[in-house]
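Numbering (my numbering), first residue to last: 175 to 265.
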């Protein structure tokens, strides 16, 4: 879009969008409510999914400030993974 001189779609401009913050918001507004409903329909599957969503949300929440600092310094790369972080639950 930028190369064509078009306005960049909302949340799609790496220079102005904190991806970590967007991930947390997306999970809060879309993903978690969806899976809470799934948990009602599929009680055997829902709890593991919801735990993984919470795990994922915490992953991104820890990176919001780091991402903001990188963006202010002109670095649009994603924060690095923590190799010592616990792994997602297996289903």
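All C-beta atoms in this analysis are idealised placements derived from N, C-alpha and C, irrespective of residue type, glycine included. Being a predicted model, the structure only gives us computed values, none of them experimental.
Using 10 angstroms around the beta-carbon of residue 159, count the other beta-carbons present and answer buried if the total reaches 16, otherwise exposed.
Coverage of the chain is limited to positions 175 through 265, which leaves residue 159 absent and any answer about it impossible.
### Message
Quick check on residue 210: buried or exposed, where buried means 16 or more other Cβ atoms within 10 Å of its Cβ?
### Response
Residue 210 sits at position 36 when you count from the first residue of the chain shown. The residue is exposed, with fewer than 16 neighbouring Cβ atoms inside 10 Å.
- Quick one: what's got a C-beta closer than 7 Å to residue 182's C-beta in the same chain, skipping five residues either side? Against the chain shown, residue 182 aligns to sequence position 8. Within the same chain, residue 182 has close Cβ partners 175 and 176.
What residue range does the alpha helix (DSSP H) around residue 222 cover? The count along the chain shown starts at 1 and reaches residue 222 at position 48. It spans 220–235 - the alpha helix (DSSP H) in which residue 222 sits, taken as one unbroken run.
- Message: Quick test of your reading: residue 220 and residue 228, contact by CB under 8 Å. State the CB separation rounded to the nearest angstrom.
- Response: Translated into positions along the chain shown, residue 220 becomes position 46. Translated into positions along the chain shown, residue 228 becomes position 54. In fact, because the Cβ distance is near 12 Å, the residues do not count as touching under 8 Å.
request  = Measure the alpha-carbon distance for residue 200 versus residue 230 and round it to whole angstroms.
outcome  = Taking the chain shown and counting its residues from 1, one reaches residue 200 at position 26. Taking the chain shown and counting its residues from 1, one reaches residue 230 at position 56. Roughly 11 Å separates the two Cα atoms.
Worksheet item: When the distance is taken between beta carbons, is residue 253 closer than 8 Å to residue 237?
Response: Sequence index remark: in the chain shown, residue 237 carries index 63 (1-based). Sequence index remark: in the chain shown, residue 253 carries index 79 (1-based). Going by C-beta atoms, residue 237 is nearer than 8 Å to residue 253.
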